[in-house]
Amino acid sequence: MERISPHQFMTLGAAVLMGGTFLPLATFVTAAGGRDGWMTVLPGLAVGIPYGLMVLSLFEQYPQQNLLLISEKIFGKWIGKILGCLYIFISGYYGGILLAIPGIIYEQSIMQFTPRWVIYLGSLLLVLYLVKTGIEVFARFSEVVFPIVAIAMVLNIGLSIPRIEQGELMPILSEGLKPLLFGALKVIPFPMEYILFLAGILSFLPTGKQELGQLKTGVWRAVFLVGILDTLVVLIQILVFGPAETIRLAFGFLVLGKMVEISRTIAGVESIFLGVWLGVLVIKCCAFFFMTIWGIATVFNLKGLKWNVAVSAVFLGIAFGIANRFSLTKEASFMESYLILPLATVWIPTLWGVSRWKDRDGV
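Okay, here's the thing in structure tokens:
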């Protein structure tokens with residue numbers, strides 16, 4: 002059985018948590034929370050910390066088992082199988098949506114005349130390679146890619162500072178605290194995606210007491226690191242474009258890349274940023290691919306190359322079924338708000354609570 006280190010766990014978790022969130026996040030939170038929407042990003046992501054600690058608490062009690070196996074032990078075989086089937090469906094369908102993101106973004110930005118299937122196939126081949134090499138290589142890949150992505154984000158933000166319009170954030174809290182609640186609700190599905198990934202990767206984590214403490218530290222470090230970066234992304238867009246334009250622009254952070262100028266001699270560097278950000282999009286797509294095959298192996302005991310090919314076909318079919326950016330946003334929002342969020346928010350606390358109750362009563 003492969004094992005990943007606590008540091009790899011932290012960087013991989015941060016990469017999965019970030020995924021493509023920094024691209025549409027400003028639109029979501031600004032539409033819900035107005036010019037104060039940037040304040041909701043970090044609190045919304047921080048909801049993932051107690052959930053992550055509950056998952057690791059279950060892992061401490063049932064080492065080397067993922068939450069699907071733990072659910073069968075605690076809830077019974079049939080309820081566990083139902084949860085497993087739901088987990089497979091969500092992972093497979095949302096993974097296909099994630100595969101569609103690079104194709105649509107590249108088609109609308111720097112590769113308008115490249116057939117979308119070329120981008121889909123290239124991204125999927127990279128995902129399949131990472132799946133074939135195993136979770137340890139996947140974690141090492143994230144250790145390389147995530148710092149580069151973080152640096153590219155900071156550079157894009159820093160180089161956009163000269164375009165800031167003073168007064169776009171004023172007045173602060175003019176509409177009270179209620180809009181901040183709606184903004185946070187738009188953010189919470191993203192840490193729940195990370196929690197579902199954590200539910201599957203448990204069997205590959207170290208089980209020592211010292212390592213368990215490092216894993217718990219890795220959860221809040223990943224959340225705060227991504228939370229700070231995403232907050233800065235939303236903040237810079239509101240400062241540059243203003244609230245109304247931030248809501249209108251679906252991928253405002255890409256527009257910032259087009260506007261970047263270095264000493265008035267280097268401009269239009271969005272293609273460089275897009276090349277870097279493709280890495281983190283692939284990581285998240287690969288994470289959901291892993292989740293799907295983990296679920297199939299756990300629930301149905303089906304493993305092997307042919308099932309990887311079958312999952313690949315499903316991913317491609319879903320990606321080709323998404324016609325444009327509006328369909329992508331609609332499909333992703335539905336999955337995040339009505340399937341991923343309810344499953345994670347109900348499943349994890351219930352499983353943790355029943356486990357603690359049974360442990361207390363010696364059941």
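Going by the working numbering, the residue at position 206 of the sequence shown is 207; the numbering climbs one at a time, nothing skipped.
C-beta: ideal position from N, C-alpha, C; glycine also.
From a predicted model like this one, the values you see are computed outputs, not experimental measurements.
Pairwise C-alpha distance: residue j and residue i
i      : j      : result
GLN238 : TYR107 : 20 Å
VAL220 : PHE205 : 16 Å
ALA185 : SER175 : 17 Å
LEU230 : MET40  : 13 Å
LEU129 : GLY322 : 21 Å
ALA298 : ASN67  : 11 Å
LEU100 : PRO163 : 34 Å
PRO7   : PHE291 : 19 Å
LYS179 : ILE248 : 19 Å
TYR94  : LEU240 : 35 Å
THR351 : PHE90  : 21 Å
ALA268 : VAL132 : In this predicted model, ALA268 has a pLDDT of only 45, less than 50, meaning its place in the structure is not dependable; the value taken from the coordinates is given anyway. Rounded to whole angstroms, ALA268 to VAL132 spans 37 Å at the Cα level.
ALA27  : SER356 : 38 Å
VAL17  : SER334 : 17 Å
VAL347 : LEU126 : 35 Å
GLY96  : LYS331 : 15 Å
SER264 : GLU166 : Confidence at SER264 is low in this model, with a pLDDT of 48, below 50, so the placement of that residue should be treated as unreliable; the coordinate-derived value is given next. Computed Cα separation, rounded: 20 Å.
PHE76  : TYR195 : 23 Å
LEU170 : LYS187 : 20 Å
8 Å Cβ cutoff met for residue i and residue j
i      : j      : result
VAL224 : ALA345 : no
LEU250 : TYR121 : no
ALA140 : GLN9   : yes
ILE284 : SER92  : no
VAL30  : VAL277 : no
LEU282 : ILE102 : yes
VAL310 : THR293 : no
ILE173 : ASP37  : yes
Residue from the options with nearest C-alpha to residue i
i      : options                           : result
ILE149 : GLY168, GLY280 and MET40          : GLY280
PHE147 : GLU337, GLY20 and LEU340          : GLY20
GLY296 : LEU69, GLN167, ARG36 and PRO7     : LEU69
GLY168 : PHE242, ASN309, ARG361 and LYS259 : PHE242
GLY4   : VAL188, ALA151, GLN65 and TYR52   : Correcting the residue identity first, residue 4 is Arg in this sequence and not Gly. Cα-wise, what sits closest to ARG4 is GLN65.
ALA33  : VAL132, LEU125, GLY177 and ILE284 : GLY177
LYS259 : ILE71, ILE50, GLN109 and GLN9     : GLN109
LEU233 : LEU181, PHE252 and MET154         : MET154
LEU24  : THR293, LEU255, CYS287 and SER328 : LEU255
PHE301 : GLY104, LEU87 and PRO103          : LEU87
Environment of residue i [buried if 16+ CB atoms lie within 10 Å]
i      : result
THR266 : Because THR266 sits at a pLDDT of 44, beneath the cut-off of 50, its placement in the model cannot be relied upon, and the following sentence gives the value as read from the coordinates. Counting Cβ neighbours within 10 Å, THR266 comes out exposed, since fewer than 16 surround it.
GLN211 : exposed
ALA324 : exposed
THR306 : With the sequence shown as reference, residue 306 is identified as Leu, and Thr is not the correct amino acid for it. So LEU306 counts as exposed.
LYS74  : exposed
ALA15  : buried
GLY214 : exposed
PRO116 : exposed
Where are the alpha helix (DSSP H) runs, 4 residues long or more, that stay fully inside the segment 116-193, in chain order? 117-134, 136-161 and 179-188
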